[in-house]
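Residue numbers (the UniProt record's numbering): 1 to 398.
So, in structure tokens, the structure goes:
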């Protein structure tokens with residue numbers, strides 16, 4: 001199915017209603033139980049962090065005293081989904097005078113920014129990998145994502161006061177943050193046409209996949225993700241059921257000498273392979289009743305009353321993703337178009353996203369067969385590749 005831009009996905013046909021109204025009444029009726037006031041608690045759809053997760057932010061390209069250069073400012077950043085949820089535009093750091101030379105000086109030794117980043121992040125990578133190995137059976141994935149670190153406005157801290165006291169360790173740490181992964185189409189084309197041949201990855205596959213996100217009354221802190229392909233009869237076919245990823249480490253890096261920022265994340269994901277026949281039948285019934293519709297956000301809708309299954313499962317979101325992947329022994333690059341719709345907030349968005357999986361680093365850490373200094377050297381090489389090829393785009397999204 002061809003990729004459809006978001007303005008083409010809004011159906012005005014009364015026979016093809018938006019998926020939101022059909023969710024509201026059945027959810028209310030199904031959860032109304034005066035003898036059990038906690039029955040309305042529904043934490044599904046939220047991002048899940050492990051108990052000992054590492055989550056932090058820092059900036060590179062600071063002045064010697066740790067403050068932001070005078071050319072760097074916090075500016076409003078337009079993201080419709082964030083504005084819909086929060087009622088205000090988030091903020092992003094913008095450098096009006098991007099440096100031509102990214103080298104930093106530490107003492108008398110000239111050091112590249114990517115070396116400083118590797119040194120800063122490496123203890124977190126080691127710590128998170130060790131915790132996952134000791135506490136979980138799942139294999140973690142270390143992924144680099146590219147986009148913009150967004151800061152949520154603080155009601156007690158005006159933008160003007162932050163501009164007057166732009167010290168990264170103080171003022172900016174009072175803001176909550178998120179990471180926005182949408183990038184320009186020209187950037188995606190550059191990655192495919194110019195960067196792929198340079199970094200030694202070969203084309204692996206193209207996939208057109210639908211993800212149906214379900215809340216599960218027996219897993220209220222998790223989301224069940226159903227991966228589906230399209231059969232010849234234009235119906236969805238379920239091929240994998242997973243729980244949403246669990247984050248063990250998230251490090252956001254504002255790259256002041258670049259016009260894209262970097263997120264390094266270590267995550268695990270569990271496949272639900274031990275579902276009962278009854279559970280699978282409920283899930284398959286929801287998938288089978290879905291109707292493909294390129295005119296609605298997310299690309300799928302349900303007939304009235306068909307987006308829930310008894311008291312157990314309810315559709316809370318849909319994704320339609322088309323991606324190409326490229327792979328080498330140490331890296332996996334994924335370039336994708338993603339069209340999402342969140343039933344809970346009635347918001348949707350089409351994005352272009354690039355992520356780079358650092359395949360070899362985690363396995364080498366956990367295997368313990370290679371000296372840690374050698375593994376760290378490989379991590380530095382990964383950061384240098386990222387700095388050289390993935391953090392610059394022609395069009396700045398502001």
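Here a beta-carbon is modelled for each residue, glycine too, at the ideal position from N, C-alpha and C.
- Counting every other CB atom within 10 Å of its CB across the protein chains shown gives residue 52 a total below 16, marking it as exposed.
- Per the Cβ contact rule, the segment 296 to 304 is not in contact with the segment 262 to 277 (fewer than 3 Cβ pairs under 8 Å).
- DSSP lists 247 as the bridge partner or partners of residue 49.
- The alpha-carbon separation between residue 204 and residue 192 amounts to approximately 13 Å.
- Taking 4 residues as the minimum length, the segment 214 to 266 contains no alpha helix (DSSP H) run wholly inside it.
- A Cβ-Cβ contact shorter than 7 Å links residue 252 with residue 179.
- Assignment of alpha helix (DSSP H) within the segment 257 to 326, counting only whole runs of 4 or more residues, yields 277 to 288 in chain order.
- Linking residue 184 to residue 348 through their CA atoms gives a straight-line distance of about 18 Å.
- In the three-state DSSP reduction, residue 198 falls in the helix class (H, G or I).
- In the three-state reduction of the DSSP assignment, residue 127 falls in the helix class, which pools H, G and I.
- Beta-bridge annotation (DSSP): residue 337 is paired with 322 and 352.
- Nearest in C-alpha terms to residue 79, of all of 145, 289, 389 and 181, is 181.
- Per DSSP, the continuous alpha helix (DSSP H) segment holding residue 375 begins and ends at 372 to 389.
- Straight through space, the alpha carbons of residue 145 and residue 225 are spaced by roughly 21 Å.
- Distance from residue 126 to residue 365 at the Cβ level is roughly 7 Å; contact confirmed, criterion being Cβ atoms closer than 8 Å.
- Boundaries of the alpha helix (DSSP H) around residue 364: 359 to 367.
- In this structure, DSSP gives residue 145 an extended state, which the three-state scheme calls strand.
- Taking a 10 Å sphere around the C-beta of residue 274, we find fewer than 16 other C-beta atoms and assign the residue as exposed.
- Taking a contact to require three or more Cβ pairs closer than 8 Å, the segment 281 to 295 and the segment 210 to 218 qualify as touching.
- Take residue 141, set aside five residues on each side of it, and the residues of its chain with a beta-carbon closer than 8 Å to its own are 266, 267, 268, 269, 357 and 362, in chain order.
- Residue 88 sits exposed, since fewer than 16 C-beta atoms from the chains shown fall within 10 Å of its C-beta.
- With respect to the C-alpha of residue 359, the residue from 327, 319 and 281 having the closest C-alpha is 327.
- In terms of Cβ geometry, residue 311 and residue 217 form a close pair [threshold 7 Å].
- With a cutoff of 7 Å on beta-carbon distance, residue 248 and residue 50 are scored as near each other.
- For the options 230, 54, 206 and 368, the alpha carbon positioned closest to that of residue 334 is the one of 206.
- The criterion of a C-beta distance shorter than 7 Å is satisfied by residue 73 and residue 94.
- Under the 10 Å beta carbon count, residue 261 is surrounded by 16 or more other beta carbons and is classified as buried.
- Per DSSP, reduced to three states, the secondary structure at residue 116 is helical.
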